[in-house]
Amino acid sequence: MFLIREPSEARISRAFDAQRDASFSYAEVGASREAPGEIPGYTVDHNRVKLGEGAEAFGRAVDALRGWRMFEVGWAGLLPPGAPVEVGTTVAVFARHYGFRSLNFSRVVYGISEDDGGVRKRGFAYGTLPEHGESGEERFTVEWHRDGSVFYDLYAFSRPNHPLARLGHPFARGLQRRFARDSLRVMQTVVGSG
2 MFLIREPSEA RISRAFDAQR DASFSYAEVG ASREAPGEIP GYTVDHNRVK
52 LGEGAEAFGR AVDALRGWRM FEVGWAGLLP PGAPVEVGTT VAVFARHYGF
102 RSLNFSRVVY GISEDDGGVR KRGFAYGTLP EHGESGEERF TVEWHRDGSV
152 FYDLYAFSRP NHPLARLGHP FARGLQRRFA RDSLRVMQTV VGSG
């Protein structure tokens, strides 16, 4: 949903009501779990950064994911604040960019809690709903490796969904790159390595 001015609380509430039971806007629901290099018809982005070392850094990183801290980038935010990171939770990212605003709805698709092969992983993915400028999925993961290293891993596949996103695809890609860069920086700062 693209807007010229700040949406009222009533408008946001109506939009949430309309999206809560909506189907995902793409067929490949859950495909980010395996993180394939390519998904036909989509652009794939994969970014990661080392956050620190040890149990304390991992704990702070997990808490940051659960608190949606990776969205504290200054020009965007998550609605509703404090939403639970649970399968089925519907959220919206509100962003201010290029003189207008957008409200993009997604739903948590799956959670990650794995302790395999010397790597402990925690995280989740969310998928886009019809009122999102893009169509696809984004996975947010923190990893604690056997050598003590803690990483934040951000994986996404997407393609334009809204006519304005198609028309302004280079700008949309710029915003995606900006979010990835800013999100990695925020996680480094929150965990303490930035």
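Residue numbers (our numbering): 2 to 195.
Where a beta carbon is used, it is the ideal one built from N, C-alpha and C, also for glycine.
Predicted model, so just to flag it, every value in this text is computed and none were measured.
Going by DSSP, V151 is part of the beta strand (DSSP E) stretching over S150 to P161. In chain order, V109 and G112 place their CB closer than 8 Å to the CB of E87, counting only its own chain and leaving out the 5 sequence neighbours on each side. Leaving aside the five residues that flank Y27 on each side, the residues in its chain whose CB is nearer than 6 Å to its CB run, in chain order, S136 and G137.
A distance of 8 Å or more separates the beta carbons of T44 and S184. Using a 10 angstroms sphere on the CB of S24, the tally of other CB atoms stays under 16, which defines it as exposed. Around G60, the same chain offers no residue with a beta carbon nearer than 8 Å, after the five sequence neighbours per side are excluded. The C-alpha of H146 lies about 13 Å from the C-alpha of V50.
A check of alpha carbon separations from E144 across N162, Y127 and G118 identifies G118 as the nearest. In the three-state reduction of the DSSP assignment, S9 falls in the coil class, being assigned neither a helical nor a strand state.
The Cβ atoms of A36 and Y127 lie no closer than 8 Å to each other. Partner residues in the beta bridge of G137, as assigned by DSSP, are S159. T190 sits in a helix when the DSSP states are folded into three classes.
Annotated as proximal: R21 and T91, with beta-carbon spacing under 8 Å. For F125, the closest alpha carbon among the candidates R140, E115 and G134 is that of R140. Residue nearest to S150 within the set R121, Q177, F172 and V191 is R121 (criterion: CA-CA distance).
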